[in-house]
Every structure is written in C-alpha cells, then in structure tokens.
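Student: The UniProt record's numbering applies: residue 1 is where the sequence shown begins, and numbers increase by one. All C-beta atoms in this analysis are idealised placements derived from N, C-alpha and C, irrespective of residue type, glycine included. Note that the coordinates shown come from a computational prediction; the quantities given were computed from them, not determined experimentally.
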Amino acid sequence: MPLFNHADGQHLDVEGASIYFELRGNRNGKPLVLLHGGFGDMETFNALLPFMKADYLLIGIDSRGQGKSTLGDVPLTYARIQKDVEEVLKHLGITTASLIGHSDGGIVGLRLAAEGNITIEKLVTIGSHWHLAEDDPARALFAEVTAESWKAMFPESYNVYQRLNPKPDFCTLTDQILRLWLDTGPVGYPGEMIRDITGSLLVVRGDDDMLISRQQAVEIADMVAGACLLNVPFASHTIHEEKPELLMSCINEFLGK
C-alpha cells in the first residue's frame, strides 16, 4: 500500500483554514480515518500501513495548523478539530467510518464517537486522555513546553512542520496546542460524554507512556460498554511507530470482529 506522502492529496476550506487530506487503499472499501497527535501529521502512521489489510479506504487528515493544514484564525480546540474531520468526511460523502487516533487524534475520535454526527463503528485510541484532572502528571510536562524547547527536543518534528506547512508560524502553533491541551471546558476533552459511545472501542497504551497513566486508560475502557484495553509493555507514547507489526495484528483483529 502506498504511504502518505503529502504530494497527492486534497485541500478543503473549513472555517478559515485549509484542511489537507489524502486517500489510500481500496477506494471502494470501508472508510478508516487516521488522526495524528499534537505537532504531528499523517505520515506518523506510515509505519502501520504495510501491516494494514488492503480492504479499507484510508483517510489521512492533517489536523488544523499541522502538516499541510493551515491554522486559520479561530482558537484551536478538540471540538474545532472534530468539526474539521466531520466536514472532510461530509465532503467525501461518508456518514459511517472507523477511526484510529493517536493522542490528540484519539481524543478527537472519542468526541466524534460520543456525539454521533458521524457514526464511528470502531474506534482505536492510542495514548489518549478522556479528561485532564488537576493532579494529572501530564500537566507538569505540558507546562515545560515552549516553541524553543520543542525545537530542541524534537528537531525533526519542527523541520517537517516548516517544510510542509503552507503558512508556518511555529510560535503561534505551540501557543495554540498548549491551550488545546490545557482546555478542560466543553470544547476540550470529551469527559463524561464518552459514556454515550455505542460503537466498538479499543483503548491502546504503551506501558512506558509518560503522558497517559494506566489508570486513565483503564477508566476509558471501564466507562465505555464493551471496550477492550491493550496495555503494551516496553512501548511508549508512540507505540504505533515503535511496534507497528505487533500493534496492527491486534488492530486488524479488532477491526475484523
């Protein structure tokens, strides 16, 4: 299966931003949406693609302000990204889909599945919060993030952003993403609404993930009826890049049930 390459996709104008997406796989297959994490882009899923079954229509979307999608002028929130995804799927004539979301992408996936504007049949979240408590250890990690610290710690992430984004402004993006991560209001984390999810859910966590605790993952699985939990040893927040074959063997089984 060809990988995401940021060369042959499409743009959709949504609320002042240009949202970039690419299609892969079987154009007549069941839709499977891929949503990346913060400061990332759709290519972070490329490690998984060789192990995916060929009978899905893959829809990779760069979240607002990231990859080849522009930021626009409205505040970046999980609700805003959710709406962007809904608009892309509406543009494609898709009303029912499955979804794999990493970190922020999984948080958006939980919102999508709970609200039901698009029917999410099967959802896989990887390293995703359902809420951010006042004593969540992730808060301390978020507090240390600045544009300069991110460039120093993840220079490749910064360089890819600068290369791909049509209107790069890394300082503004960093400010917006930090606000996104710390927003505990109604446009932020899905919170208790995840109890409304009726589709199938697989909650994935790497056991060495410093951002999401075991407790957080267990809580999601316990709050959603019939949810499955996969806690993988010797893996971190980016398990989909570290152990793609192992992870996709489980995801393929989940999607096939």
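Quick one: grab the DSSP three-state call for P50.
Tutor: Here P50 sits in helix by DSSP.
Student: May I ask you to verify whether the region 131-151 touches the region 45-65, counting CB pairs closer than 8 Å and requiring at least 3?
Tutor: In short, these stretches do not touch, since the Cβ pair count stays below three.
Student: Give a yes or no on whether the C-beta atoms belonging to I94 and I120 are separated by under 9 Å.
Tutor: Their beta carbons are not under 9 Å apart, which means I94 does not touch I120 by this criterion.
Student: Please report how far the alpha carbon of N117 lies from the alpha carbon of E86, in whole angstroms.
Tutor: The alpha-carbon atoms of N117 and E86 are separated by roughly 8 Å.
Student: So, under 8 Å CB-CB, S83 and S98 are touching, yes? Tell me the CB distance rounded to an integer number of Å.
Tutor: Reading off the sequence, residue 83 comes out as Lys, not Ser. The Cβ separation is near 19 Å, so there is no contact.
Student: For the pair the region 182-199 and the region 235-252, tell me if three or more CB-CB distances fall below 8 Å.
Tutor: Cβ pair count under 8 Å is below three, so no.
Student: Using CA coordinates, which residue listed in H129, L182, E253, F39 is at the minimum distance from N165?
Tutor: For N165, the nearest C-alpha among the options comes from F39.
Student: Less than 9 Å between the C-beta atoms of D73 and F21, yes or no?
Tutor: For D73 and F21, no; Cβs fall outside 9 Å.
Student: Which whole runs of the beta strand (DSSP E) in the region 173-238 are 3 residues long or more, in chain order?
Tutor: The qualifying runs are 200-206, 228-232.
Student: How far does the alpha helix (DSSP H) with I251 in it extend, from its first residue to its last?
Tutor: Segment 244-256, the alpha helix (DSSP H) holding I251.
Student: At 3 residues or longer, what runs of the beta strand (DSSP E) sit wholly inside the region 99-139?
Tutor: Complete beta strand (DSSP E) runs here, min 3: 119-126.
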